[in-house]
Structures are given as C-alpha cells and as structure tokens.
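The UniProt record's numbering numbers the first residue of the sequence shown as 1 and each following residue consecutively.
Remarks on the structure that follows.
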Amino acid sequence: MQPITGIVITLNEEDNISDCLFSLEKICDELIVVDSGSTDKTVDIARKHGAAIYTQEYLGDGPQKSFGVTYAKNDWIISLDADERLNEDAIKVIQSLTLNDTKIAYSFYRKNHVGNHWIKAAGFYPDTVVRLYNRKTSGYLSKKAHSSVKSPVVHNTKTHINHFTYKDLSDWIYRINILSTRDAWAMNQSGKKASPISPIVHGINALIRKLVFKGGIFQGSDGILVAVTTAFHAYMKYAKLNEIRGKNIEER
Numbered sequence: 001m002q003p004i005t006g007i008v009i010t011l012n013e014e015d016n017i018s019d020c021l022f023s024l025e026k027i028c029d030e031l032i033v034v035d036s037g038s039t040d041k042t043v044d045i046a047r048k049h050g051a052a053i054y055t056q057e058y059l060g061d062g063p064q065k066s067f068g069v070t071y072a073k074n075d076w077i078i079s080l081d082a083d084e085r086l087n088e089d090a091i092k093v094i095q096s097l098t099l100n101d102t103k104i105a106y107s108f109y110r111k112n113h114v115g116n117h118w119i120k121a122a123g124f125y126p127d128t129v130v131r132l133y134n135r136k137t138s139g140y141l142s143k144k145a146h147s148s149v150k151s152p153v154v155h156n157t158k159t160h161i162n163h164f165t166y167k168d169l170s171d172w173i174y175r176i177n178i179l180s181t182r183d184a185w186a187m188n189q190s191g192k193k194a195s196p197i198s199p200i201v202h203g204i205n206a207l208i209r210k211l212v213f214k215g216g217i218f219q220g221s222d223g224i225l226v227a228v229t230t231a232f233h234a235y236m237k238y239a240k241l242n243e244i245r246g247k248n249i250e251e252r
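Written as structure tokens, this is what we have:
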C-alpha cells in the first residue's frame, strides 16, 4: 500500500474529531486538519492524535478540502468529514490496495445515522461517496457546497463509512438551519437566482422525489421522515437565498 494522507475539515467538532481521526490512523501515515476557527476543544484533540493543524476561514467545502491537500506530503489522499468514520470493512480493503494506478479513485457506501439509528430509507442508503484519490489526477471540485471528487476512474470498494449525521431529531432540525444558510450563501456566491415561488417549488419537488421516486412512502416512518426533512431543507435554502438577495438589493 502507498502512503496516505488523511484530511478532515472542522469547525467546533470536539464531539466527533477523535473517533474520525482514530479510524484514519489505521491507514494513514499523516493527518491534516483544516480548521475554520473552532472555539471548542477540536484543535487540542486533533493535536493529541498527531494531526497537523492549518487554519483557514471557511470558503466552502471544495476550497477547504483542496486547501488541506496543498500541505500533504503524500499524493494519495483520503478526505473524511469530521462526523464520518471508516468502518472495519473499509479499513481492510484500503490496506489491501496497491494504489499503483493514480487514475483510480475509490468510493464507499455511507451509512447515515440519527443517533445510533441507521437510516436506509428514501435514498439514504447506499449513499455512495468518493473519499480516496490521488491528487495528481483527481481532486475536489471548487463548489462551495456539497463538493465531490472529480476523477478519471472511480472504483466502488463496496465497503462502508459510518456517518453520524445527527445526534437526534432536534439536532437534525438544528443542522438543517445551519446547512441551509450555508447552501444559500454558496448559491448566492455563484450567482444563483430564485423567484418568490422557488422555495415552494423546490420543497415540493424534494418531497415527491423522496416519497415517490426513492420509495419513501413505502418505507415506513423513516421514509416519511427523510422526505419531510429533505423538503424542509430545500424550502429553507431557497427562502434564505431570496432573503440574502433581498438584503443585497436594499443595501444598494
């Protein structure tokens, strides 16, 4: 196996960062944390794991993750979110890879949890994400929100990353508020426009997509929950985009 650098971006992740880095330690010989101004113990905990800390104001998912790559000593990069952990099946497969072909990036199935409850309904599983790649041929797109790795070839390892997305339902709603604000900011930065009815249209589209096309209506309470929260997120990010653009017009 070629040497791998693990990169994690953080902001106030003291509850998550230790488990995340612990899983990376099993396959990485270098750990990098890109922090955007944590006021809790995130940085101290990361240092105890031997991670190098670099600070940058949050510029979006893609820019933050790409910033960390510039400090890596290795060409092979594995990038996790702070609330993600490599499952044992993923660790074993990564350890068995030769990583001789720099054109191949590797994807994993993400298991999304609310607390300890794994939610599979309405498209939440398999949630396929690329996390391991070679920086000579691949890298994160410059998108500010929901960025992903662009690579010539992607190989699905069919192994798992545990994603402890939300502590509970209250945290889910809290996170939707934070993430919808971030999404609206990113859309505004990219010049995205929205009409007065955009929040309703996108909210309804998200609800139908999850209930009907992803089968949530047939998957019990989890299916309904995913559909409703996804619709709420979609509604709020476009409502907030309109709010931002309205304020910008008023200030002119």
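Don't be surprised by glycine CBs; every beta carbon is placed ideally from N, CA and C.
| Asked | Found |
| --- | --- |
| Return helix, strand or coil for isoleucine 32, following the three-state DSSP convention. | strand |
| Start and end of the alpha helix (DSSP H) containing isoleucine 53? | Where isoleucine 53 is concerned, there is no enclosing alpha helix (DSSP H), although the beta strand (DSSP E) it sits in stretches over 52-55. |
| Using 8 Å as the Cβ pair cut-off and three pairs as the minimum, do the segment 27-39 and the segment 68-85 touch? | yes |
| Within 10 Å of its beta-carbon, does tyrosine 235 have 16 or more other beta-carbons around it, so buried, or fewer, so exposed? | buried |
| Are tyrosine 238 and serine 195 closer than 7 Å when you measure CB to CB? | no |
| Are there three or more Cβ pairs, one per stretch, closer than 8 Å when the segment 95-106 is compared with the segment 136-151? | yes |
| In this structure, what does DSSP give as the bridge partners for glutamate 84? | His163 |
| Would you kindly check if the distance between the Cβ of aspartate 89 and the Cβ of histidine 163 is under 7 Å? | no |
| What is the DSSP secondary structure of serine 221, reduced to helix, strand or coil? | helix |
| Where glutamine 189 and isoleucine 7 are concerned, what is the direct C-alpha to C-alpha distance, given to the nearest angstrom? | 25 Å |
| Go ahead and pull the three-state DSSP assignment for asparagine 134. | strand |
| Can you tell me whether proline 152 is buried or exposed? The criterion is at least 16 other CB atoms within 10 Å of its CB, across all chains shown. | exposed |
| Using the Cα positions of threonine 181 and serine 221, report the straight-line distance between them to the nearest angstrom. | 27 Å |
| Can you have a look at glutamine 219 and say buried or exposed, based on whether 16 or more other CB atoms are within 10 angstroms of its CB? | buried |
| What's the C-alpha gap between serine 36 and lysine 144? | 14 Å |
| For serine 112, which residues of its own chain have a beta-carbon under 8 Å away from its beta-carbon, when the five flanking residues on both sides are left out? | Going by the sequence as given, residue 112 is asparagine instead of serine. For asparagine 112, where only same-chain residues beyond five positions count, the Cβ hits under 8 Å are Trp118, Ile119, Phe124, Tyr125, Asp127, His163 and Thr165. |
| Assign aspartate 44 to one of two classes, buried (16 or more other C-beta atoms within 10 Å of its C-beta) or exposed (fewer than that). | exposed |
| Assuming contact is defined by CB atoms lying nearer than 7 Å, are alanine 206 and leucine 241 in contact in what I supplied? | no |
| How is the beta strand (DSSP E) around phenylalanine 108 delimited, first residue to last? | 104-114 |
| Find the nearest neighbour of isoleucine 78 within the set His49, Cys20 and Ser38, judged by alpha-carbon distance. | Cys20 |
| Quick check: the Cα distance between methionine 187 and glycine 60, rounded to an integer number of angstroms? | 11 Å |
| Would you mind sorting arginine 85 into buried or exposed? The rule is 16 or more other CB atoms within 10 Å of its CB. | buried |
| Compare the C-alpha of isoleucine 176 against each of Ile9, Ala231 and Ile217 and name the closest. | Ala231 |
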